[in-house]
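A.B. asks:
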Amino acid sequence: MVDAVRPARDGAARLLRRPAVAPLAVLAAGAAGAGYLWFTDPHDSGHLLPQCPFRYVTGLLCPACGGTRMTYDLMHGQFAAAWLDNRALLLAAPFALALWGRWTVEGLRGRSWRPRIAPWAQALILLAAVAWTVVRNLV
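Numbering (the numbering used here), first residue to last: 56 to 194.
Here's what the structure looks like:
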């Protein structure tokens, strides 16, 4: 009985190690989330969308606060409202989408890929996130 289970388990493990599995899983999760969000207006209360833990604890807006509302507004063609929800996240979204796209393409080609971001660029991204947090909580 144990020997009959081992090939199936080994096959599943091999499948999960394929480079395309993770980016395609992110796509599936994103599609499911987008499907739920399409019919759930985050501007209204009484939905099952999670609260921002940073805002819950501190009362301050984090760099990503408003991202759910921004996504909802983008999906419904309300670009000006999306800009007001979170400008920084709206400007960063195309870069994140490009990184995910490259990850997916490389995975489908059978290659593992991890972005290489220089330490100075990482520091700049962190500094921009901190500056955005400070600015949006002061204004």
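From the three backbone atoms N, C-alpha and C, an ideal C-beta is built for every residue, glycine too.
(1) Along the chain, where does the alpha helix (DSSP H) that runs through Gly114 open and close?
(2) Using 8 angstroms as the threshold, is the C-beta distance between Ala119 and Asp128 below it?
(3) Using a Cβ-Cβ cut-off of 7 angstroms (strictly less than) and excluding sequence neighbours within five positions of Trp138, which residues of its own chain qualify?
(4) Take the Cβ of Gly88 as the centre, count every other Cβ of all protein chains shown within 10 Å, and call the residue buried at 16 or more, exposed below.
(5) For Gly114 versus Asp140, is the C-beta distance shorter than 8 angstroms?
(6) Determine whether the beta carbon atoms of Leu163 and Ala84 lie at a separation below 8 angstroms.
(7) Are the CB atoms of Glu104 and Arg110 nearer to each other than 8 angstroms?
(8) Can you tell me whether Trp187 is buried or exposed, with buried defined as 16 or more other CB within 10 angstroms of its CB?
C.D. replies: Judging by the given coordinates:
(1) Working through the sequence shown from its first residue, we reach residue 114 at position 59. Looking at the DSSP string, Gly114 is not in any alpha helix (DSSP H), and its letter there is neither H nor E.
(2) The residue you call residue 119 lines up with position 64 of the sequence shown. The residue you call residue 128 lines up with position 73 of the sequence shown. No. Outside cutoff.
(3) Position 83 of the sequence shown, counted from the first residue, corresponds to residue 138. Closer than 7 angstroms at the Cβ level, and outside the excluded window around Trp138, lie Leu145.
(4) Along the sequence shown, read from residue 1 onward, the residue named residue 88 stands at position 33. Gly88 is exposed by the Cβ-count criterion.
(5) Start at 1 with the first residue of the sequence shown, and residue 114 comes out as number 59. Start at 1 with the first residue of the sequence shown, and residue 140 comes out as number 85. Cβ atoms of Gly114 and Asp140: not closer than 8 angstroms.
(6) Counting from one through the sequence shown, the residue named residue 163 turns up at place 108. Counting from one through the sequence shown, the residue named residue 84 turns up at place 29. Their beta carbons are not under 8 angstroms apart, which means Leu163 does not touch Ala84 by this criterion.
(7) Sequence index remark: in the sequence shown, residue 104 carries index 49 (1-based). Sequence index remark: in the sequence shown, residue 110 carries index 55 (1-based). In the sequence on display, residue 104 carries Leu and not Glu. Cβ atoms of Leu104 and Arg110: not closer than 8 angstroms.
(8) Residue numbering aside, residue 187 sits at position 132 when the sequence shown is read from its first letter. Burial call: buried.
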